[in-house]
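Q: Yeah, the sequence shown ends on 317 if you go by my numbering, and it's all consecutive.
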Amino acid sequence: MGLLLPAIVITGQWAGTLDFVAGGSLDSNITPIFLSGLLVLFVFGIGKAAVMPVHFWLPAAMVAPTPVSALLHAVAVVKAGVFGIVKVVVYIFGLGLLARHSVFDWLTYVAGFTIIFASIIALLQDNLKKRLAYSTVSQLSYIVLAASLFTPAALIGAVLHICAHAVSKITLFFAAGNIYTVAHKTEVSQLNGIGRKMPYTMGAFSIGAIAMIGLPPTAGFLGKWFILSGAAGTQNNFAIFVIICSTLLNAAYFLPIIFRAFFMTASLDSHGKATVTTAEDAPIFMLIAIMATATLTVLMFFFPDIPLSLARSMLGA
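In structure tokens, the structure reads:
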């Protein structure tokens with residue numbers, strides 16, 4: 001609030017209104033340096049967007065029960081943060097104003113750093129929920145990166161990624177909850193052979209992971225494609241590098257989980273017996289929830305009309 005409240009007050013003084021205005025409410029005659037400083041206050045003041053270094057709350061909140069983590073950190077709280085940044089960029093500053101001045105390029109570098117560094121931290125985590133938490137920090141900054149490109153294509157990608165991340169990341173958190181409920185396992189290194197014990201849960205996990213990597217036919221592909229198109233359209237080589245590099249990092253910390261689950265031999269307990277034997281997936285209502293979100297992750301790839309229409313209406317198209 002020490003950053004966000006001053007940003008709101010300054011906006012009210014300079015714009016003469018606190019309403020969101022199509023095309024932006026700020027006067028284009030205001031000095032770009034002051035506008036850049038105001039954008040700093042908004043980006044780091046909207047802490048729920050988890051842009052580094054104001055991201056620490058998100059991994060710390062993973063101590064909450066998995067259903068709470070799934071709702072707050074895949075759908076509700078974090079999406080409010082990045083949605084707020086998109087609204088500020090489009091309706092307070094305006095794409096035209098931001099695109100005219102290179103002084104705003106810092107946002108691309110901050111978002112890119114967050115994407116890469118959080119992905120590296122996720123790669124080093126053995127605890128499944130912590131790996132998912134740092135993945136969320138990284139994935140949220142895809143949306144900030146898209147907003148920082150100040151192009152319609154990238155903003156459409158931002159909206160698509162908000163929707164895609166919601167359904168795919170909640171699938172991954174549901175899977176973590178199912179695994180803990182049935183197998184009482186919390187570490188990635190404990191998941192050898194778990195796919196044979198919990199095929200539906202780990203099948204859904206695989207769909208969510210593929211979406212986070214950004215591969216078709218999942219919703220995650222669409223957002224990344226539009227963001228990459230926006231970066232290519234502005235010839236922003238740094239953003240293109242970040243997207244490609246982070247995609248490889250996403251694969252590096254998600255694919256080994258899938259490989260362990262389906263292709264590695266189950267670990268042995270203290271008596272030398274396999275810890276994964278017969279199939280025993282999660283209770284039926286838990287499976288209904290995770291299968292529903294996994295199905296949405298795929299359906300959104302084939303039927304993206306609703307998020308696309310929302311994105312275009314935001315841009316006035």
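Even glycine gets a Cβ: it sits at the ideal position worked out from N, Cα and C. For clarity, every value in this text was computed on a predicted model and none was experimentally measured.
(1) Going by beta carbon distance, what residues of the same chain come within less than 8 angstroms of arginine 312, once the five residues before and after it are set aside?
(2) Please name the residue in Lys129, Tyr200, Ser309, Val159 whose C-alpha comes closest to that of alanine 64.
(3) Glutamine 139: buried (16+ other C-beta within 10 angstroms of its C-beta) or exposed?
(4) Are the CB atoms of alanine 261 and glycine 195 nearer to each other than 8 angstroms?
(5) Out of Val298, Gly203, Gly220, Gly16, which one is the CA nearest neighbour of isoleucine 92?
(6) When you compare each of Ile284, Ile121, Ala76 to serine 246 by their alpha carbons, which one comes out closest?
(7) Put asparagine 29 into one of helix, strand or coil per three-state DSSP.
(8) Measuring CB to CB, does valine 167 end up less than 8 angstroms from leucine 296?
(9) Our contact map puts glycine 24 next to glycine 94 with C-beta atoms below 8 angstroms; I'd like the distance itself, whole angstroms only.
(10) Does asparagine 237 come out as helix, strand or coil in the three-state DSSP assignment?
(11) Please confirm whether leucine 228 and isoleucine 243 have their CB atoms less than 8 angstroms apart.
(12) Thinking just about the alpha-carbon of each residue, which of Phe113, Met212, Pro304 is nearest to the one in phenylalanine 238?
(13) Considering only C-alpha positions, which residue in the set Thr171, Trp57, Ser135 is nearest to leucine 71?
(14) With distance defined between alpha-carbon atoms, name the residue in Pro304, Phe173, Ala232 nearest to phenylalanine 287.
(15) Could you give the residue range of the alpha helix (DSSP H) that holds aspartate 281?
(16) Tell me, which residues are paired with asparagine 127 by DSSP?
(17) Alpha carbon to alpha carbon, what distance is there between proline 256 and proline 32?
(18) Look at the alpha carbon of threonine 265 and the alpha carbon of proline 217, and state the distance between them as a whole number of angstroms.
A: In short:
(1) Ile156
(2) Lys129
(3) buried
(4) yes
(5) Gly16
(6) Ile121
(7) coil
(8) yes
(9) 2 angstroms
(10) helix
(11) yes
(12) Phe113
(13) Thr171
(14) The residue you asked about is not phenylalanine; residue 287 is leucine in the sequence shown. The shortest Cα separation from leucine 287 among Pro304, Phe173, Ala232 belongs to Phe173.
(15) That residue, aspartate 281, is in no alpha helix (DSSP H); it is neither H nor E in DSSP.
(16) Glu187
(17) 46 angstroms
(18) 29 angstroms
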